[in-house]
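There are 2 protein chains.
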Amino acid sequence: MSATKQILALNRFEADNAAGLDPELAERIGRRQATFGASSVLFYEQPIEMVRGEGVFLYDVHGTRYLDVYNNVPSVGHCHPRVVEAIARQAAALNTNTRYLVRIVETYAERLLATFPAPLSNLVMTCTGSESNDLALRIAESVTNARGFIVTRSAYHGNTAAVTHISPSSFKSQKLAPHVRAVPAPDPLEAPKGDIATLFAAQIKAAIDDLRASGHGFAGFIADTIFSSDGIFADPPGFLQKAAAVVRAEGGLFIADEVQPGFGRTGGGLWGFSRHAIVPDIVTLGKPMGNGFPMGGVITRPDYLAAFCAETGYFNTFGGNPVAAAAGLAVLDVIADENLIANAAQTGALLKDGLTALKSDFPQIGDIRGAGLFIGLDFTTPDATPDPATASAVINAMKQHGILIGAAGLYGHTLKIRPPLCFAPNNAEFFLETLRGILKAMG
Amino acid sequence: MSATKQILALNRFEADNAAGLDPELAERIGRRQATFGASSVLFYEQPIEMVRGEGVFLYDVHGTRYLDVYNNVPSVGHCHPRVVEAIARQAAALNTNTRYLVRIVETYAERLLATFPAPLSNLVMTCTGSESNDLALRIAESVTNARGFIVTRSAYHGNTAAVTHISPSSFKSQKLAPHVRAVPAPDPLEAPKGDIATLFAAQIKAAIDDLRASGHGFAGFIADTIFSSDGIFADPPGFLQKAAAVVRAEGGLFIADEVQPGFGRTGGGLWGFSRHAIVPDIVTLGKPMGNGFPMGGVITRPDYLAAFCAETGYFNTFGGNPVAAAAGLAVLDVIADENLIANAAQTGALLKDGLTALKSDFPQIGDIRGAGLFIGLDFTTPDATPDPATASAVINAMKQHGILIGAAGLYGHTLKIRPPLCFAPNNAEFFLETLRGILKAMG
Chain X
1 MSATKQILAL NRFEADNAAG LDPELAERIG RRQATFGASS VLFYEQPIEM VRGEGVFLYD
61 VHGTRYLDVY NNVPSVGHCH PRVVEAIARQ AAALNTNTRY LVRIVETYAE RLLATFPAPL
121 SNLVMTCTGS ESNDLALRIA ESVTNARGFI VTRSAYHGNT AAVTHISPSS FKSQKLAPHV
181 RAVPAPDPLE APKGDIATLF AAQIKAAIDD LRASGHGFAG FIADTIFSSD GIFADPPGFL
241 QKAAAVVRAE GGLFIADEVQ PGFGRTGGGL WGFSRHAIVP DIVTLGKPMG NGFPMGGVIT
301 RPDYLAAFCA ETGYFNTFGG NPVAAAAGLA VLDVIADENL IANAAQTGAL LKDGLTALKS
361 DFPQIGDIRG AGLFIGLDFT TPDATPDPAT ASAVINAMKQ HGILIGAAGL YGHTLKIRPP
421 LCFAPNNAEF FLETLRGILK AMG
Chain P
444 MSATKQILAL NRFEADNAAG LDPELAERIG RRQATFGASS VLFYEQPIEM VRGEGVFLYD
504 VHGTRYLDVY NNVPSVGHCH PRVVEAIARQ AAALNTNTRY LVRIVETYAE RLLATFPAPL
564 SNLVMTCTGS ESNDLALRIA ESVTNARGFI VTRSAYHGNT AAVTHISPSS FKSQKLAPHV
624 RAVPAPDPLE APKGDIATLF AAQIKAAIDD LRASGHGFAG FIADTIFSSD GIFADPPGFL
684 QKAAAVVRAE GGLFIADEVQ PGFGRTGGGL WGFSRHAIVP DIVTLGKPMG NGFPMGGVIT
744 RPDYLAAFCA ETGYFNTFGG NPVAAAAGLA VLDVIADENL IANAAQTGAL LKDGLTALKS
804 DFPQIGDIRG AGLFIGLDFT TPDATPDPAT ASAVINAMKQ HGILIGAAGL YGHTLKIRPP
864 LCFAPNNAEF FLETLRGILK AMG
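Protein chains in written order, with the numbering used here: chain X, 1 to 443; chain P, 444 to 886.
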């Protein structure tokens, strides 16, 4: 069972549970299921109807306030007034496509590209992280004339046909495609002497050899550099350098999917790859880019983009529209003006210290990992076996205490602590106190 | 050379032409090219910098007003105040994902689904037409256990890896994939006795046989039912019934891509397929759905969606967000309240009559086709050869006279008349007068 499937099986609404529900909620769920059909997925045994968002909080239809420790799309805070105002103002003035010149679009492209190291100087704007990764795969194929890709075992990179092939966490009956190899997540606990850099690079090298032997060739390695759905692996900083060196030595491209770590989350700069002091060949952007306005992007070298464009005409109707540019600019402004990267580092450190302190009182807490405001906390049994049941119980108890949170990892036993970047020290303290109380009550 | 490539080669900015440009415009273009690189495509030999949109008009940086006869995304009019207000209001209140219940999302889903015939009762919300078609292909594969698809020769269905395979108009050096067959566009002029229904169905049948013989099987046929990028083929109404019957008889799915004809454009109802009195197996939505807010959708039968969801977990982060639902609801409201379907029929008829009247004075006008506010007008030489050069000259002259318009078709010789649906009779008259003047001046 894939991680996503396991996590959702534990923390989602199941039709079998409808019997005990409040009739009004049951009716609402019924309407959702009637329209969305088999694609309907709702969090929690008792799904929540949301009506309002503000900063780090979401409010449900009954007026209950939830501290959001889960949602990374509203990265600068739910309904941030500066982003909302930018969207409203631009939507009222002009919303068109990139085949006309529009000043705010050029301004955004330049502002965004200025945050990337050379030679990453071209941008293609898309609408989603999925579209971004879909395009990144094709750029890598064009550059390398190869088709084989390597990902981590519980990776998630999006929902298109091509990107689902490199997203094993989405598989149900689906199997790994012939042109894809999945390597284990870079867990230092699994490495001899903790040298995860060497182990991870060796696993990638073996996968490259296998792709070559199978006739697919090697186009690239793609990773979200904080390994979000694998269970959050951030340390030691720089461990990806050996992996990147192997990928390059073997003629492949290193694709950094910044949908999760990007836009300041890891607390060490705007981009997760900078934590590893590497320069990727392609960078993909999504989720937090517009704080909820649908937008994504692909950043790469001009010659790599030209190789793809020589083969295929690419146009994205909504990609690079001026409203997206306005939202994207406002996000960059808020990150800078509200010191959100520093906050991610400081409040993240406060959270991690607090969790580490809790660990001495609660043996069910295993490893604690992460960077900035993206922390993973494992729940394990006394014999160190992954314990997704405890993770699930904590997630549901957190909901009862007004906190939204989720799980990650191959076994779904990792609490995924990933709040909006405006998460304040007092929010962290409330979270820590609540977790202490829940674990105490669980005995 | 594909149609898109040919059309763009004629009507886009080329770096070689930069010499004669106004220095300020040249500088702006340089900034665009420096950031967007090889993916930068700008309309016209002298690109336009837009600053404002309102109704059927776009305004450039010099205050020049352009009548928009090209852009179908702002379908209810550029920056329609009701859509803008709906976006601004919802963005300020709540913007989250479909794993929580949100009333406006259910309301929109129900409202939209109510416009579709049985058994089309499930909706998956996406962010773009590309994502919609990408998902539709996989649903068809899951239902049929086959992989072969049939499209028309100059079709365009979007920009993902999977969808580009069924979009020959995007090909440059790319070739048709082994699992795809392209049939000629359904041009009645090519059919014996004009019986395009029989000819088109026979061409599809031959392609199905060929896919089967090649071992790919037959998953489905996908068409935009007004054949937008093939050159606009709308008549006779109902000609697709024979095609749909063949597709079903052979075990494939009929996918109607409503990105172009949908949301009232053809003047006979909300959906283009209803013009043919067929019920597709899957319908895909995009462009005009949110009047420029990035959103798309897939509509299908519950059992078909369930077949796909059993294999693969599908989640679309931005898809079905409440701001998209608000935009989508406002679009449906405006279409109804401003009688835009009736306007598409009436103003479209006025346009078509006017163009037909012009034809008697100008022999370079060939066939005139279309439905509602989507009309194609061929330019041909005296020996009836497609004449893309005249189409291009007209497009550039139109720009000088303050009208935005483009071309379509296998040879790029078809003027694509596709204004926002609020196009009024006086807009049509101005367009007809301008076209008359241009053709007269061209001698």
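Glycine included, each C-beta is placed from N, C-alpha and C at the ideal position.
What you are looking at is a predicted structure, and each value in this text was computed from that prediction instead of being measured.
Buried or exposed by the 16-neighbour rule on C-beta atoms within 10 Å, applied to residue 438 of chain X: buried
Measuring CA to CA, which of X/354, X/396, X/112, X/104 is closest to residue 43 of chain X? X/396
I'd like to know if residue 616 of chain P contacts chain C, where contact means its C-beta is closer than 7 Å to some C-beta of that chain. This model lacks chain C altogether, as its protein chains are X and P.
Cβ atoms of residue 748 of chain P and residue 540 of chain P: under 7 Å apart, would you say? no
According to DSSP, is residue 282 of chain X part of a helix, a strand, or is it coil? strand
Starting from residue 321 of chain X, trace the beta strand (DSSP E) in both directions and tell me its first and last residue. Unbroken run through residue 321 of chain X: none, as it is neither H nor E.
In the segment 106 to 157 of chain X, which residue ranges form an unbroken alpha helix (DSSP H) of at least 4 residues, counting only runs that do not cross its ends? 129 to 144
Using a Cβ cut-off of 7 Å, which residues of the segment 728 to 756 of chain P contact any Cβ in chain X, in chain order? 730, 735, 737, 745, 748, 749, 752, 753, 754, 755, 756
Suppose you measure from the CA of residue 197 of chain X to the CA of residue 243 of chain X; what does that come to, to the nearest Å? 7 Å
My guess is that residue 155 of chain X and residue 173 of chain X are in contact by the Cβ rule of under 8 Å, so how many angstroms apart are they, rounded? Not a contact, Cβ separation roughly 18 Å.
Which parts of the segment 163 to 233 of chain X are runs of the beta strand (DSSP E), unbroken and 3 residues or longer, counting only runs that do not cross its ends? 180 to 183, 220 to 223
Under DSSP, the beta strand (DSSP E) around residue 857 of chain P begins and ends at which residues? 857 to 860
Is it the case that the segment 133 to 146 of chain X contacts the segment 214 to 223 of chain X, given that we only count it when at least three CB pairs across the two stretches are under 8 Å? yes
C-beta contact flag for residue 328 of chain X and residue 290 of chain X at 7 Å: yes
For my contact list, residue 424 of chain X and residue 347 of chain X are in at a C-beta cut-off of 8 Å; report their separation, rounded to the angstrom. 7 Å
Can you give me, in chain order, the residues of the segment 486 to 500 of chain P that have a beta carbon less than 8 Å from any beta carbon in chain X? 486, 490, 491, 492, 493, 494, 495, 496
So for residue 314 of chain X, helix, strand or coil by DSSP? coil
Short Cβ contact (7 Å threshold) for residue 163 of chain X with residue 322 of chain X: no
Output yes if chain X places a C-beta closer than 7 Å to the C-beta of residue 549 of chain P; else output no. yes
Going straight from the alpha carbon of residue 125 of chain X to that of residue 478 of chain P, what length do you get? 11 Å
With burial defined as no fewer than 16 other Cβ atoms inside 10 Å of the residue's Cβ, what is the status of residue 343 of chain X: buried or exposed? buried
Using DSSP's beta-bridge definition, name the partner residues of residue 504 of chain P. Paired residues: none, contrary to the question.
Are the Cβ atoms of residue 258 of chain X and residue 283 of chain X separated by less than 7 Å? yes
Strictly below 7 Å CB to CB, what residues from chain X border residue 575 of chain P? Neighbours of residue 575 of chain P on chain X: none; closest Cβ ~11 Å, over 7 Å.
Return the CA-CA distance between residue 502 of chain P and residue 476 of chain P, expressed in angstroms with no decimal places. 23 Å
Measure the alpha-carbon distance for residue 109 of chain X versus residue 116 of chain X and round it to whole angstroms. 11 Å
In angstroms, rounded to a whole number, what distance separates the CA positions of residue 743 of chain P and residue 440 of chain X? 48 Å
For residue 794 of chain P, which option in P/753, P/864, P/538 has the closest C-alpha, if you only look at C-alpha atoms? P/864
Where residue 140 of chain X meets chain P, residues with beta-carbon distance less than 7 Å: Under the 7 Å cutoff, chain P gives no residues; its nearest Cβ is about 11 Å from residue 140 of chain X.
What distance in whole Å lies between the Cβ atoms of residue 127 of chain X and residue 571 of chain P, which are believed to be in contact at a cut-off of 8 Å? 5 Å
Measure from the C-beta of residue 221 of chain X to each C-beta in chain P and report whether the shortest distance is under 7 Å. no
Assuming residue 504 of chain P contacts residue 512 of chain P (C-beta within less than 8 Å), just tell me the rounded distance between them. Not really, about 21 Å apart at Cβ, beyond 8 Å.
Quick one: using the 10 Å Cβ neighbour count with 16 as the cut-off for buried, is residue 3 of chain X buried or exposed? Confidence at residue 3 of chain X is low in this model, with a pLDDT of 46, below 50, so the placement of that residue is unreliable and no value is reported for it.
Check residue 371 of chain X in the structure and name its three-state DSSP category. strand
Quick one: list the residues of chain P neighbouring residue 74 of chain X, beta-carbon separation under 9 Å, in chain order. 538, 539
Does the beta-carbon distance from residue 545 of chain P to residue 592 of chain P come in below 7 Å? no
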